[in-house]
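J.:
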Amino acid sequence: MNLRLFSAVSMIAGTSIGAAMVAMPIYMASLGTGACFAVLFVSYLAMLASSLFMLESNLSQKQGANLVSMSTDSLGRPGYWLCITVYLMLLYCLNAAYLAEFSGALVSLIGAPGYEATALLFCVAITYYIVPFSWAGRIASYLLWGLLLTYGVIIGLLITKADIHNIHPSSWSQAPEALFICILAFGYQIIIPSLRRFLNNDVKLLKRAIYIGSSIPFFVYFVWMMAFMLNMPYDGPFSLSTIAGDLSLRDQLPYLLAQKTGFYQLPALFNAFVIFAISSSLIGVSVSLFDFVKDWLNQYHYSQLFVALIAFLPPVLLVLLYPDLFIMALRPAGILVAVLLMILPVLSCMGLRVKRKTGVYRMRYFKVLAVFVLLSAGFMIVLDLMRLIGR
Numbered sequence: 007m008n009l010r011l012f013s014a015v016s017m018i019a020g021t022s023i024g025a026a027m028v029a030m031p032i033y034m035a036s037l038g039t040g041a042c043f044a045v046l047f048v049s050y051l052a053m054l055a056s057s058l059f060m061l062e063s064n065l066s067q068k069q070g071a072n073l074v075s076m077s078t079d080s081l082g083r084p085g086y087w088l089c090i091t092v093y094l095m096l097l098y099c100l101n102a103a104y105l106a107e108f109s110g111a112l113v114s115l116i117g118a119p120g121y122e123a124t125a126l127l128f129c130v131a132i133t134y135y136i137v138p139f140s141w142a143g144r145i146a147s148y149l150l151w152g153l154l155l156t157y158g159v160i161i162g163l164l165i166t167k168a169d170i171h172n173i174h175p176s177s178w179s180q181a182p183e184a185l186f187i188c189i190l191a192f193g194y195q196i197i198i199p200s201l202r203r204f205l206n207n208d209v210k211l212l213k214r215a216i217y218i219g220s221s222i223p224f225f226v227y228f229v230w231m232m233a234f235m236l237n238m239p240y241d242g243p244f245s246l247s248t249i250a251g252d253l254s255l256r257d258q259l260p261y262l263l264a265q266k267t268g269f270y271q272l273p274a275l276f277n278a279f280v281i282f283a284i285s286s287s288l289i290g291v292s293v294s295l296f297d298f299v300k301d302w303l304n305q306y307h308y309s310q311l312f313v314a315l316i317a318f319l320p321p322v323l324l325v326l327l328y329p330d331l332f333i334m335a336l337r338p339a340g341i342l343v344a345v346l347l348m349i350l351p352v353l354s355c356m357g358l359r360v361k362r363k364t365g366v367y368r369m370r371y372f373k374v375l376a377v378f379v380l381l382s383a384g385f386m387i388v389l390d391l392m393r394l395i396g397r
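In my numbering, the protein residues as written are 7 to 397.
#1: I need the DSSP call for Arg-202, collapsed to helix, strand or coil.
#2: May I have the straight-line CA-CA distance separating Ser-66 from Ser-286, to the nearest angstrom?
#3: Among Gly-219, Ala-25, Leu-154, which residue has its Cα nearest to the Cα of Tyr-50?
#4: DSSP three-state label for Pro-329, please.
#5: Less than 8 Å separating the beta-carbons of Val-28 and Val-379?
#6: The alpha helix (DSSP H) spanning Thr-21 covers which residue range?
#7: Does the beta-carbon distance from Thr-156 to Phe-59 come in below 8 Å?
#8: Taking the Cβ atom as the reference point for each residue, do Leu-211 and Arg-370 lie within a distance shorter than 8 Å?
#9: Within this structure, are the beta carbons of Thr-248 and Gln-258 separated by less than 8 Å?
#10: Going by CA-CA distance only, name the one from Ile-284, Leu-353, Met-53 that's closest to Leu-88.
#11: Please classify Pro-243 as buried or exposed, where buried requires at least 16 neighbouring CB atoms within 10 angstroms.
#12: Near Cys-355, which residues of its chain fall below 7 Å by C-beta distance, leaving aside the five closest residues on each side in sequence?
#13: Got a sec? Which residues, its chain only, sit under 6 Å from Trp-178 by beta carbon, not counting five neighbours each side?
#14: By DSSP, does Lys-266 sit in helix, in strand, or in coil?
#15: So, Asn-277 versus Ser-114, is the Cβ gap smaller than 8 Å?
#16: Starting from the N-terminal side, write out each stretch of the beta strand (DSSP E) that is 3 residues or longer and does not extend beyond the segment 298–379.
#17: Quick one: residues in its chain with C-beta nearer than 7 Å to the C-beta of Ser-5, no 5 flanking neighbours on either side, listed in chain order?
#18: How big is the Cα-Cα spacing for Ile-90 and Leu-346?
#19: Expressed to the nearest angstrom, what Euclidean distance is found between the alpha-carbon atoms of Leu-81 and Met-348?
#20: Go ahead and label Ile-78 buried or exposed: buried means 16 or more other beta carbons lie within 10 angstroms of its beta carbon, across all protein chains shown.
#21: Between the alpha carbons of Gly-152 and Pro-239, how many angstroms are there, rounded?
#22: Hey, how far is the Cα of Thr-21 from the Cα of Lys-167?
#23: Nearest by alpha-carbon distance to Ile-76: which of Gly-357, Tyr-148, Arg-362 is it?
#24: Nearest by alpha-carbon distance to Phe-385: which of Arg-359, Pro-351, Ala-344 is it?
#25: Go ahead and pull the three-state DSSP assignment for Tyr-104.
#26: State the Cα-Cα distance for the pair Ile-32 and Val-226, rounded to the nearest angstrom.
#27: Would DSSP call Lys-213 helix, strand or coil?
#28: Looking only at its chain, what residues have a beta carbon closer than 8 Å to the beta carbon of Gln-195, apart from the 5 residues adjacent to it on each side?
#29: So, for Ile-173: in the same chain, excluding its five sequence neighbours on each side, which residues have a beta-carbon less than 8 Å away from its beta-carbon?
#30: Taking C-alpha atoms, which residue in Ser-13, Asn-101, Lys-68 lies nearest to Ala-25?
#31: For the alpha helix (DSSP H) that contains Tyr-50, what are its first and last residues?
#32: When the Cα atoms are used, what is the spatial distance from Leu-185 to Ser-309?
#33: Give me, in chain order, the residues of the same chain whose beta-carbon lies closer than 7 Å to that of Tyr-86; leave out the 5 immediate sequence neighbours on both sides.
#34: Between the C-alpha atoms of Arg-337 and Ile-165, what's the straight-line distance to the nearest angstrom?
#35: Is it true that the CB of Ile-18 sits closer than 8 Å to the CB of Ala-215?
#36: Quick check: Met-201 and Ala-35, are their CB atoms within less than 8 Å of each other?
Right, here's the structure in full:
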């Protein structure tokens, strides 16, 4: 593997692996082993297919085209407004979710309950000073290494106590609940325009980077879930199903695992893992949100402080009103990802093919994969809306 391909694979894997892992055990706690694998695999395939749609759409346009310009070129003004509306809502949801969990984890780590609002404002201030500078990427890479280190230590400890007799029977009724978080966990498609520029339009390298880079998170997530399932029984006081209603990974799971395995350093390790996972994702989302708002308001020549207020004030107010909204905010984020990174790329490719504007890459099995991606996205959106209406 050459250096450029390795870097591209790392970018895809690093974009995927992060905050979604914090919510994954909560939403997949009741699935069982077989259903857990199936939901992860279907999500992986759906997002892999959508990334190839994104690649075809991007390669059909000039280098430097982003998601907004791609949607505008293929779908016109309706595509433009749909894209920027969904994009902004998604970034607000993710920013609010990550700020809520990061400030909570920080308070838990330093042992200062009641100071959540102070921790939140501290996080926002740090983010504001990091985002505009080029070294935000370097900080994010250090945080990713911290994430991988704590992940390795947690898995290394749990694997020594794993018991094959704890394989859980599948509960398929909970699969739709877990689907949106798994779709969110493979949301790397947004960096494909940057990868194209990085790999100099080399279609072969781009496809290899997507195939390899998206497979790494699938393996990481499955090992993550198996480490919990093989250490906790299906039912009873120490079962994984007891955390299904939790609002954070930090609530019960580390303490249940510590009591079950005897590794009492697990709560501290989980706190560190949450901080690394959330902060690495928070920086990436904050940079994207800040740049998006800045480009959007560029014609009005507003100050950087005003742009930061437009970017960060709405999610901060949400977190102050609903401190435990991490899981709550990820649900609409999953729906928005389905629209932005699944439905829009397919529609964009369809629009380009109708206009006969395809470029150097044309997907094989276009119709079959288009139906698969659209049905997966539609299925998830309808189920989530039915769940919300049912409440």
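By construction, the Cβ of each residue, glycine as well, lies at the ideal position given by its N, Cα and C atoms. Because the structure is a prediction, the values reported are computed rather than measured.
T.: Let me spell this out:
#1: Helix.
#2: Looking at the two C-alpha atoms, the distance is approximately 32 Å.
#3: For the residues Gly-219, Ala-25, Leu-154, the minimum Cα distance to Tyr-50 belongs to Gly-219.
#4: Coil.
#5: No, Cβ-Cβ distance for Val-28 and Val-379 is not below 8 Å.
#6: Counted as a single uninterrupted DSSP element, the alpha helix (DSSP H) harbouring Thr-21 occupies residues 9–22.
#7: Not a contact, by the Cβ cut-off of 8 Å.
#8: No.
#9: Cβ atoms of Thr-248 and Gln-258: closer than 8 Å.
#10: Out of Ile-284, Leu-353, Met-53, Leu-353 has the C-alpha closest to the C-alpha of Leu-88.
#11: It is exposed - the Cβ of Pro-243 has fewer than 16 other Cβ atoms within 10 Å.
#12: Setting aside the 5 residues that flank it on each side, Cys-355 is surrounded in the same chain by Phe-59, Glu-62, Ser-63, each with a C-beta closer than 7 Å to its C-beta; the list follows chain order.
#13: So the list reads Ala-41, once near-sequence residues are dropped.
#14: In this structure, Lys-266 counts as helix in the three-state DSSP scheme.
#15: Yes. Within cutoff.
#16: When DSSP assignments are scanned along the segment 298–379, no uninterrupted stretch of beta strand (DSSP E) that is 3 or more residues long falls wholly within it.
#17: Only positions 7 to 397 of the chain appear in the structure, and residue 5 is not among them; the question remains open.
#18: Taking C-alpha positions only, Ile-90 is separated from Leu-346 by approximately 9 Å.
#19: Using only the alpha carbons, I get a separation of about 15 Å.
#20: For the sequence presented, residue 78 should be read as Thr rather than Ile. Here Thr-78 is buried, its C-beta having at least 16 other C-beta atoms within 10 Å.
#21: Gly-152 and Pro-239 have their C-alpha atoms some 30 Å from each other.
#22: Rounded to the nearest angstrom, the two C-alpha atoms are 31 Å apart.
#23: Rather than Ile, the amino acid found at residue 76 in this sequence is Met. For the residues Gly-357, Tyr-148, Arg-362, the minimum Cα distance to Met-76 belongs to Gly-357.
#24: That would be Ala-344, whose Cα lies nearest to the Cα of Phe-385.
#25: If DSSP states are grouped into helix, strand and coil, Tyr-104 belongs with the helices.
#26: Distance from the CA atom of Ile-32 to the CA atom of Val-226, rounded to whole angstroms, is 17 Å.
#27: The DSSP-derived three-state label of Lys-213 is helix.
#28: By the criterion of a C-beta distance shorter than 8 Å, Gln-195 is surrounded in its chain by Met-53, Ser-56, Ser-57, Met-60, Leu-347, Pro-351, once the five residues flanking it on both sides are discounted.
#29: Thr-39, Met-235, Leu-236, listed in sequence order.
#30: Nearest of Ser-13, Asn-101, Lys-68 to Ala-25, Cα basis: Asn-101.
#31: Segment 39–65, the alpha helix (DSSP H) holding Tyr-50.
#32: If I take the Cα positions, the gap works out to 41 Å.
#33: These residues qualify, in order along the chain: Val-74, Ser-77, Thr-78.
#34: Using only the alpha carbons, I get a separation of about 31 Å.
#35: Cβ atoms of Ala-215 and Ile-18: closer than 8 Å.
#36: Per the sequence shown, the amino acid found at residue 201 is Leu instead of Met. No, they are not a contact pair.
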